[in-house]
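Quick notes on the structure that follows.
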Amino acid sequence: MFDPKAIRKDFPILSRKVNGKPLVYLDNAATSQKPRQVIQALVECYEMYNANVHRGVHTLSMEATERMEEARRKVAAFIDAPDPAGVIFVRNTTEAVNLVANAWATDNLGQGDEIVVSEVEHHSNLVPWQKVASQKGAKLKLLPATDAGMIDVAALDVVITPRTRLVSVVQTSNMTSAINPVKEIGRRARQVGALFMVDGAQSVPHMPVSVRELDCDFLAFSGHKMLAPPGIGALYGRPAILEKMEPFLRGGEMVREVWYDHATWNDVPNKFEAGTPNFTDAVALGAAVDYLNALGMDAVRQHEVELGAYALKAFQELEEVDVIGPKDPNQRGGLVTFTAGDIHPHDLGTFLDHEGIAIRTGHHCVMPYHRKLGLVATGRASFYVYNTNDEVDFLVETLKKALAYFNHR
Ligand code: PMP
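Mapping of the sequence shown onto our numbering: position 259 corresponds to residue 259, and the numbering continues sequentially without gaps.
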């Protein structure tokens with residue numbers, strides 16, 4: 001049985017106090033906490049087999065290499081990728097998008113071609129495309145969102161056209177919480193012969209995600225949002241496409257042969273992993289995948305649907321509080337973004353912090369969509385495997401106190 005109270009025992013940080021109060025960590029969409037099993041995997045790397053990978057003939061180097069490749073196989077299986085060669089270790093989602101923008105888009109886009117994203121994108125799936133579009137004379141187009149903050153399928157045929165070469169959209173929005181209809185979007189992309197990329201930063205950690213089912217060409221996600229350390233993430237790419245792409249970064253390890261005036265490239269995925277990779281954090285990501293698999297991703301998703309439903313219902317009691325995004329918990333990820341009348345979210349966030357509650361306040365790197373809704377900042381509580389209904393109760397109770405305090409100053 002899925003038991004968040006038992007799960008909490010694996011996370012040392014959850015037993016600490018903040019401002020004299022037990023920590024209630026509700027900022028998981030920004031980054032997740034780490035279980036002992038992941039921390040231990042990292043410690044073991046440094047204590048037992050630290051060496052540079054893919055280079056040495058000595059035992060430590062071979063062990064380190066094998067552990068890193070084992071982690072790659074685990075990550076590939078986690079996203080149902082047919083071939084581990086399609087998993088490139090990167091620093092995070094942002095780097096994954098930049099890799100595709102620089103290594104694919106710059107060589108494959110021309111004047112008048114179209115890149116399509118949506119209006120609810122995180123800056124990391126928007127800003128890299130702005131640059132490549134302006135460099136290549138391509139057009140950056142936006143899929144609109146419905147009033148519920150979900151990408152509108154009704155617009156697919158109009159926005160995605162035969163001039164579209166690449167469609168890149170977020171699966172679960174880190175602002176509206178909507179789980180977007182990515183399969184339909186991918187189908188339309190394929191119909192016009194465009195490549196299809198998914199920003200899985202908020203979906204891969206929280207629900208089963210299969211690249212085969214999505215039928216996507218690229219999927220980007222970050223380890224730090226799924227129990228692993230920061231500085232490690234993955235870009236999945238369809239191997240046939242990766243084969244044809246030029247490298248992103250150049251230097252050691254990504255080459256086969258080098259002359260003074262030119263070089264040839266290593267096989268995929270090494271072609272895209274220039275220099276010494278972050279192998280220790282890759283191994284820790286493998287341990288995070290093991291941990292999530294042991295919980296079961298269906299159970300993780302179910303837990304968050306239940307917690308989200310519980311939170312939405314409790315938030316309804318708060319008169320001034322407006323929740324952004326779909327009303328149906330089944331259409332949402334495990335995060336709740338809200339406004340509270342004219343009380344600034346930073347003030348609310350500071351009040352909550354005094355009570356030991358960590359939420360995110362600000363624009364969550366989704367500035368254009370905030371602007372579109374006439375908002376500067378919002379508050380966001382985001383859940384993960386260790387959060388409980390009791391914590392939601394405490395959040396709501398403390399929000400009530402905060403609202404009373406700020407309304408009577
Ligand atoms: N996309 C989405 C939907 C996100 O929530 C985030 C992180 N907030 C990112 C991309 C960027 O992730 P990272 O900062 O790990 O590159």
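We put the beta carbon where it would ideally sit given N, CA and C, even for glycine. Just so you know, these numbers come straight off a predicted model, no measurement behind them.
Burial state of residue i, where buried means 16 or more other Cβ atoms lie within 10 Å
i, result
"lysine 271", "buried"
"glycine 200", "buried"
"aspartate 217", "buried"
"serine 168", "buried"
"glycine 20", "exposed"
"glycine 251", "exposed"
"proline 12", "exposed"
"glutamine 111", "exposed"
"glycine 275", "exposed"
"glutamine 331", "buried"
"histidine 346", "exposed"
"histidine 408", "exposed"
"methionine 1", "exposed"
"threonine 398", "buried"
"valine 53", "buried"
"tyrosine 236", "buried"
"asparagine 411", "Lying outside 1 to 409, the shown extent of the chain, residue 411 is not represented and no answer is given."
"tryptophan 129", "buried"
"asparagine 387", "buried"
Cβ separation of residue i and residue j, assumed to be a contact under 8 Å, to the nearest whole Å
i, j, result
"valine 209", "serine 203", "5 Å"
"alanine 358", "tyrosine 25", "5 Å"
"valine 38", "tyrosine 291", "7 Å"
"glycine 333", "isoleucine 185", "In fact, because the Cβ distance is near 17 Å, the residues do not count as touching under 8 Å."
"alanine 85", "valine 268", "5 Å"
"leucine 395", "threonine 339", "At roughly 15 Å, the Cβ-Cβ gap does not stay under 8 Å, so leucine 395 and threonine 339 are not in contact."
"alanine 228", "alanine 299", "Incorrect: roughly 19 Å between the Cβ atoms, too far for contact."
"alanine 133", "isoleucine 115", "6 Å"
"alanine 41", "valine 283", "6 Å"
"asparagine 278", "isoleucine 232", "5 Å"
Residue i beta carbon near the ligand PMP (any heavy atom closer than 7 Å)
i, result
"serine 382", "no"
"valine 170", "yes"
"serine 134", "no"
"asparagine 266", "no"
"glycine 231", "no"
"cysteine 365", "yes"
"asparagine 19", "no"
"histidine 122", "yes"
"glutamine 202", "yes"
"asparagine 92", "yes"
"aspartate 199", "yes"
"serine 118", "no"
"histidine 224", "yes"
"alanine 30", "yes"
"asparagine 180", "no"
"asparagine 125", "yes"
Inter-residue Cα distance where the pair is residue i and residue j
i, j, result
"valine 192", "glutamate 95", "27 Å"
"serine 177", "arginine 187", "22 Å"
"leucine 440", "phenylalanine 351", "Because residue 440 is not part of the residues shown, which for the chain are 1 to 409, the question remains open."
"serine 15", "glutamate 44", "23 Å"
"aspartate 261", "lysine 372", "50 Å"
"glutamate 257", "valine 100", "24 Å"
"asparagine 125", "valine 198", "9 Å"
"aspartate 328", "threonine 280", "40 Å"
"glutamine 79", "threonine 172", "First, the residue type needs correcting, since residue 79 is isoleucine and not glutamine in the sequence shown. Cα to Cα, the separation comes out at about 15 Å."
"isoleucine 151", "glutamate 66", "41 Å"
"valine 412", "serine 222", "Residue 412 falls outside the range modelled here, since the chain spans only 1 to 409, and no answer is possible."
"threonine 337", "glutamine 33", "20 Å"
"tyrosine 49", "histidine 224", "23 Å"
"arginine 36", "leucine 156", "44 Å"
"proline 82", "leucine 143", "30 Å"
"leucine 219", "glycine 308", "25 Å"
"alanine 234", "threonine 93", "7 Å"
"glutamate 253", "glutamate 306", "46 Å"
"threonine 59", "leucine 109", "45 Å"
"asparagine 28", "serine 382", "5 Å"
"arginine 360", "tryptophan 265", "43 Å"
"arginine 238", "lysine 244", "10 Å"
"aspartate 342", "methionine 175", "19 Å"
"methionine 226", "alanine 311", "21 Å"
"histidine 122", "phenylalanine 406", "30 Å"
"glutamate 317", "aspartate 393", "11 Å"
"glycine 325", "glycine 349", "20 Å"
"glycine 215", "histidine 303", "The sequence given here has aspartate at residue 215, not glycine. Distance between the alpha carbons of aspartate 215 and histidine 303 is about 26 Å."
Heavy atom of the ligand NAP within 7 Å of residue i beta-carbon
i, result
"asparagine 174", "Annotation note on the ligand NAP: not contained in the displayed structure, which lists the ligand PMP as its ligands."
- [ ] Could you pull out every unbroken beta strand (DSSP E) segment of at least 3 residues lying fully inside the region 202-230, listed in chain order?
- [x] 218-222
- [ ] Mind listing, in chain order, the continuous beta strand (DSSP E) runs of no fewer than 3 residues lying wholly within the region 237-301?
- [x] 255-258, 263-265
Task: Sequence ranges, alpha helix (DSSP H) only - wholly within the region 178-204, length at least 4 - done: 182-191
Task: Whole alpha helix (DSSP H) elements within the region 39-100, 4-residue minimum - done: 59-78, 93-100
Task: Runs of alpha helix (DSSP H) wholly within the region 348-395 (minimum 4 residues, chain order) - done: 367-372
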